[in-house]
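Here's the structure, in structure tokens; my notes come after.
Residue numbers (this note's numbering): 14 to 131.
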């Protein structure tokens, strides 16, 4: 039995954010996190909130103190990388992403891509 490859999608707004990051260490951490998700799936992510088939999760770093935020569609095992933010802004980001997740729940995955396309 072969293990199915986990699909990781970088949403458009986060792709733009990555392009603006100049610090090499931060970029390395982001890409290592994506590889970790591809290898381990949900086990790589700390779950923050579950709403029906969607999970909001994070991968935490201590040095530098950043968080990579992920929305997971449990129905099709797709991981949407949505935000990279300093720990100081953690609660604000979680609140924003929770609201977006609620909206996505109402309209489905199409809404996730729309929310993160700017």
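Ideal placement from N, C-alpha and C gives every residue a C-beta, glycine not left out.
- Between the alpha carbons of residue 47 and residue 21 lies a distance of about 7 Å.
- Within the same chain, no Cβ atom closer than 6 Å to the Cβ of residue 45 is found once the five residues on either side in sequence are excluded.
- Across the structure, residue 31 and residue 93 are spaced so that their CA atoms are roughly 14 Å apart.
- In this chain, the alpha helix (DSSP H) harbouring residue 29 covers 25 to 33.
- In the three-state reduction of the DSSP assignment, residue 41 falls in the helix class.
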